[in-house]
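Undergrad: Start counting the sequence shown at 1; every next residue gets the next number (the UniProt record's numbering). Backbone N, C-alpha and C define an ideal beta-carbon position, used for all residues, glycine too.
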Amino acid sequence: MSDNQSNLSTQYDPKATEAKWQEYWESREVFKAYTNHSGEPYCIVIPPPNVTGSLHMGHAFEASLIDTLTRYHRMIGRNTLWLPGTDHASIAVSTILDKQLKAESQTKQDLGREEYLKRAWAWKEQSGDTIVNQLRSLGVSVDWTRERFTMDEGLSHAVKTAFIQLYEEGLIYRGNYLVNWCPASESAVSDVEIENKDVDGHLWYFRYPLTDGSGTLEVATTRPETMLGDTGVAVNPNDKRYQDLIGKTVTLPIVGREIRIVADEFVDMDFGTGCVKITPAHDPNDFEMGQRHNLPAINIMNKDGSLNENAGEFAGQDRFVARKNVVKKLQELGVLVKTEDYSHSVPFSDRGKVPIEPLLSTQWFVKIESLSQKALKFLDEKNDPRYVPDRWKKVYRDWLVKLRDWCVSRQLWWGHQIPAWYVVSETAGEIKDDTPFVVAYNEEEAEKEAVAKYGADITLKQEPDVLDTWFSSGLWPFSTMGWPENTQDLETYYPTSTLVTGFDIIFFWVARMTMLGGHFTDKMPFSDVYIHGLVLDEKGQKMSKTKGNGIDPLLMIDKYGADALRFTLIKKVAGAGQNISFDYDRDKDESISVEASRNFANKLWNAARFVMMNLDGKTPNDLNSAGIVESSNLEKSDRWIVSRFLQTVKQTREQITGYSLGEAANGLYNFIWGDFCDWYIELVKSRLWEDKNAPTRQIAQQTLAYILEGTLKLLHPFMPHITEEIWQTLTQAKGNQVIALQSYPEVTDSLIDTSLESSFELVFGVIRTIRNLRAETAIKQGSKITTILQTESDTEIASLQPVTDYIKNIAKIEQLTITKTLPENLGQVIVSVCGTVQVIIPLTGIVDITVLRSKLEKNLAKVGKEIKSLSGRLNNTGFVNKAPAEVIQAAKESLAEAQKQASILQDRLKNLE
1 MSDNQSNLST QYDPKATEAK WQEYWESREV FKAYTNHSGE PYCIVIPPPN VTGSLHMGHA
61 FEASLIDTLT RYHRMIGRNT LWLPGTDHAS IAVSTILDKQ LKAESQTKQD LGREEYLKRA
121 WAWKEQSGDT IVNQLRSLGV SVDWTRERFT MDEGLSHAVK TAFIQLYEEG LIYRGNYLVN
181 WCPASESAVS DVEIENKDVD GHLWYFRYPL TDGSGTLEVA TTRPETMLGD TGVAVNPNDK
241 RYQDLIGKTV TLPIVGREIR IVADEFVDMD FGTGCVKITP AHDPNDFEMG QRHNLPAINI
301 MNKDGSLNEN AGEFAGQDRF VARKNVVKKL QELGVLVKTE DYSHSVPFSD RGKVPIEPLL
361 STQWFVKIES LSQKALKFLD EKNDPRYVPD RWKKVYRDWL VKLRDWCVSR QLWWGHQIPA
421 WYVVSETAGE IKDDTPFVVA YNEEEAEKEA VAKYGADITL KQEPDVLDTW FSSGLWPFST
481 MGWPENTQDL ETYYPTSTLV TGFDIIFFWV ARMTMLGGHF TDKMPFSDVY IHGLVLDEKG
541 QKMSKTKGNG IDPLLMIDKY GADALRFTLI KKVAGAGQNI SFDYDRDKDE SISVEASRNF
601 ANKLWNAARF VMMNLDGKTP NDLNSAGIVE SSNLEKSDRW IVSRFLQTVK QTREQITGYS
661 LGEAANGLYN FIWGDFCDWY IELVKSRLWE DKNAPTRQIA QQTLAYILEG TLKLLHPFMP
721 HITEEIWQTL TQAKGNQVIA LQSYPEVTDS LIDTSLESSF ELVFGVIRTI RNLRAETAIK
781 QGSKITTILQ TESDTEIASL QPVTDYIKNI AKIEQLTITK TLPENLGQVI VSVCGTVQVI
841 IPLTGIVDIT VLRSKLEKNL AKVGKEIKSL SGRLNNTGFV NKAPAEVIQA AKESLAEAQK
901 QASILQDRLK NLE
């Protein structure tokens, strides 16, 4: 046994191997990026996971895609940086802390802001690195020396700079506007932080009496409690039913307020009664109608979702309690007409998990039009950024076109506190809509500006709200590089190369990065946006903790290894942007289960052990394996495997560059398992066992070493740990050499021989056919047989004759004849066809045909009974109507399998005739 082979254990242990290399890579800063590197920059910034997060399958999928791209581009010589980091997750952290305080019978107001933030930072230091450490278990090749956090000192400075610059340019303003309000977290949420859910509710119809006593108008609503804030009723100007009422007034029931009837084309004449109540303070469409018709906005809602003093007798009631009581009151007044069941879409807060409440509130806003127009210009004129797949470009563009001003203030304490200071009459002075303010980096600068504007006798109070987390993450591609300073990192790695992200946050994050990047750097923050799908369960449903269908990737890593999980996730990607389904242990297609990927790793490991056991302790360098590929001494099988390898190199490089990572993984799987392990190693075994000095043996060794080392490099971006372990042992690497920093294999077109590959495909087809015939006739594996290959094609004969030894050795054939015409009196034979080659095995003296036929007929009869039984059950209406769906499906699958077995047995009997 050679020295290097003894260092490769008999069994592959992914847990020990992966932990070893993860520690090695990080401790030696293998993946640290250097701005003075000669290669063309290639940079990806990690989509920052929430600091509250824990690794789920979506993270594992995305990280596997990014790491494959990063490792590939590093190996082709690019100056590669994958920059890691986490997001401070204002709402999520606040929710965690508020729950902790509630368990202690406290509130954040009891603690005060300063103590609350100390507690938040303490929690972050203790628990905030969980997901980062979990990401390490995947073996991600990030530059940990550049790890960032959205609230670290540098990024906090970038956030202040961006806010102040936008404010000074007139693009940030404070205004009273209708926002999406989450009563659970008591904070505004953006349009994309809401999830629309279909809800079974009601539609209530009630009458508003005309003030002049001439009749009534009937309106319909799903939220009757909001009628307490109505300031108008709208009809369509083209609706002939109501044209004579436009300009008149109605008296609001319960409240007694006189409100105008206005004409507005927004009203759908066919919905409900064609009359729409207008509540400007509690509905976005009503708000815009109210502005068009100069209607007042009356807020009836407190921030916790209860009704305020403007709701009169319903003040203090929760909105849903008030809804029932308002309906009851309307019924008592005799103005409730009817109630209908009504299914409709209701917006829920993504974080608070409660229905949002449109609420008139004073907030901070970013004027979005100039930012979105600049991003649109890049897209329309330069196709920048480029979307993969291209269909997501339209989705992104549509978002940019329909954007409204962005509400960036959140009523929370954890986050970037808005850098604005109000000039109040005293320290505890209340901040009102008209309270003057100054915007500055810190209180000292704010005080100087305030004194200059308002005199020396002033008191300042900082805006208590924090910025929307998407504001800081929108700066992520350049703030992480040191912006607003003109750093070497920023100059070298920005714009970044690729953004890898899910389609579900194209607006949440992608559009905000392009708008802010375009505005502050005059560049799009990334060249390509590679959109991936979601990881679904085996039933095609999105994984979630709520549904209980999530699969913990850490458990999968512990059971099968990170490489197996990574390879499975990537191999499942049929195309960019498509969702992938994932089952715990096995998959309907067993070739793409995690277990199959673990088996693939074992296959590679055992093949590597075999190769190294037969290299006499020599490395590829010792054997000069890289120089052998153009040697005229190569045998046909050597030239074939070299051609197949280079075809795989060419295909893999093209597919990774084109973001077809799933296809690349599948191509590597087929080459390694099929061409290299199943065929080439079998083809050269006899040469390896010849005299040690035989030239053919040395050529086989050189070829094996060349293909194995090249294959490890090809596979490394996908399965980094096992390839590193084998490569280190194969090459006996010295010092800090790692496969991750080796050059990726390149293509030599002159060595690709497609005609030779086709020839070997015929050879392998013939061998498979012979093996099948042996199995059908139960010929013992060790028995030598006679085989005749008959074809009238000179080309096929020319392909088969030079490789008869390969066929004889692998198919266990004692005598092989290749002929155009068959001899007479062959006796009892079994026949099959491979293409146009007839494969014939004489059975006389090898198989007792009578016994074999009897056995096959007996098996066919048994299967026939099973088919009859299953068919009878499935044709029985009583069974079909009463049995559970899964039982019926199982019966159908069993019937299909039995019919398949019957067909095979019938074919075997026919071959014996």
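Buried or exposed, going by whether 16 or more other CB atoms sit within 10 Å of the CB of N736?
TA: exposed
Undergrad: In terms of residue numbering, what span does the alpha helix (DSSP H) encompassing G765 cover?
TA: For G765, the enclosing alpha helix (DSSP H) covers residues 754-776.
Undergrad: Quick one: residues in its chain with C-beta nearer than 6 angstroms to the C-beta of L773, no 5 flanking neighbours on either side, listed in chain order?
TA: I830, S832, I841
Undergrad: Work out the CA separation of L228 and A311 for me, nearest whole Å.
TA: 6 angstroms
Undergrad: Which term fits Y342, buried or exposed, when burial requires 16 or more other beta carbons within 10 angstroms of its beta carbon?
TA: exposed
Undergrad: Within a Cβ cutoff of 6 angstroms, which residues of the same chain sit near I134, ignoring the five residues on either side of it in sequence?
TA: The sequence shown places Gln at residue 134, not Ile. Beyond the five residues adjoining it in sequence on each side, Q134 comes within less than 6 angstroms, by CB distance, of L55 in the same chain, given in chain order.
Undergrad: Judging by CA-CA distance, which residue of E796, L816, K812 is the nearest neighbour of T804?
TA: Among E796, L816, K812, the Cα nearest to that of T804 belongs to L816.
Undergrad: Just mark E709 as buried or exposed, buried being the case when its beta carbon has 16 or more other beta carbons within 10 Å.
TA: buried
Undergrad: To the nearest angstrom, how far is it from the Cα of I681 to the Cα of Q781?
TA: Each residue's alpha carbon lies about 19 angstroms from the other.
Undergrad: Classify T821: buried if its beta carbon has 16 or more other beta carbons within 10 angstroms, exposed otherwise.
TA: T821 comes out exposed.
Undergrad: Identify the continuous beta strand (DSSP E) that holds R174 and give its terminal residues.
TA: 172-182
Undergrad: Classify D585: buried if its beta carbon has 16 or more other beta carbons within 10 angstroms, exposed otherwise.
TA: Note on D585: pLDDT 49, under 50, position unreliable in the model; the coordinate value appears next. Burial call: exposed.
Undergrad: Enumerate in chain order the residues of its own chain whose CB-to-CB distance from P358 is below 6 angstroms, with the five nearest sequence positions on each side excluded.
TA: L178, H282, D283, P284
Undergrad: Which residue wins for smallest C-alpha separation from I707, given the options V93, E595, I888, I628?
TA: I628
Undergrad: Three-state secondary structure (DSSP) at H416?
TA: Here H416 sits in coil by DSSP.
Undergrad: Does the stretch 326-333 come within contact of the stretch 256-266, defined as at least 3 CB pairs closer than 8 angstroms?
TA: Touching, no.
Undergrad: Roughly how many angstroms lie between the CA atoms of E444 and M151, to the nearest whole one?
TA: Between the alpha carbons of E444 and M151 lies a gap of roughly 21 angstroms.
Undergrad: Got a sec, what are the start and stop residues for the beta strand (DSSP E) I531 sits in?
TA: 526-532
Undergrad: Might you give, ordered along the chain, the residues of its own chain that have their beta carbon closer than 6 angstroms to the beta carbon of A898, omitting 5 neighbours on each side?
TA: V863, E866, I867
Undergrad: Could you tell me the alpha carbon to alpha carbon distance between residue 922 and L874, rounded to whole angstroms?
TA: In the structure as shown, the chain starts at 1 and stops at 913, and residue 922 therefore has no counterpart that could be examined.
Undergrad: Which one of S38, Y72, T17 has the shortest CA to CA distance from L741?
TA: Y72
Undergrad: Am I right that N176 and L360 are in contact with their C-beta atoms under 8 angstroms? What's the rounded C-beta distance?
TA: Going by Cβ atoms, the distance from N176 to L360 rounds to 6 angstroms, so yes, they are a contact pair.
Undergrad: How would you call H532, buried or exposed, if buried means at least 16 neighbouring beta carbons within 10 angstroms?
TA: Looking at its Cβ environment, which holds 16 or more other Cβ atoms inside 10 Å, H532 is buried.
Undergrad: One question on the structure: do A700 and P620 come within less than 7 angstroms of each other, judged by their Cβ atoms?
TA: no
Undergrad: On the DSSP bridge assignment, give the partners of R260 in chain order.
TA: G232, T249
Undergrad: Are the beta-carbon atoms belonging to V45 and S472 less than 7 angstroms from one another?
TA: Taking C-beta atoms as the reference points, V45 and S472 fail to come closer than 7 angstroms.
Undergrad: Starting from D341, trace the beta strand (DSSP E) both ways and give me its first and last residue.
TA: 336-349
Undergrad: Would a C-beta distance cut-off of 7 angstroms place V327 and P464 closer than the cut-off?
TA: no
Undergrad: Go ahead and label Q702 buried or exposed: buried means 16 or more other beta carbons lie within 10 angstroms of its beta carbon, across all protein chains shown.
TA: buried
Undergrad: Whether or not the stretch 180-188 and the stretch 408-418 are in contact is what I'm after, with contact meaning three or more pairs of Cβ atoms, one per stretch, closer than 8 angstroms; do they touch?
TA: yes
Undergrad: What three-state label does DSSP hand R586 in the structure shown?
TA: Residue confidence is low: R586 scores 44 on pLDDT, short of 50, so the model does not pin down where it sits. No coordinate-derived value is stated.
Undergrad: What do you get for G247, buried or exposed, if any count of 16 or more other CB atoms within 10 angstroms of its CB means buried?
TA: G247 is exposed by the Cβ-count criterion.
Undergrad: On the DSSP bridge list, what partners appear for I818?
TA: Under DSSP, I818 forms a beta bridge with L789.
Undergrad: For V642 and L714, which I take to be in contact (beta-carbon distance under 8 angstroms), what is that distance rounded to the nearest angstrom?
TA: Actually they do not touch by this definition, with Cβ atoms about 14 angstroms apart.
Undergrad: Quick one: what's got a C-beta closer than 8 angstroms to S370's C-beta in the same chain, skipping five residues either side?
TA: L171, H519
Undergrad: Whole angstroms is fine: what's the gap from V451's alpha carbon to I164's?
TA: 19 angstroms
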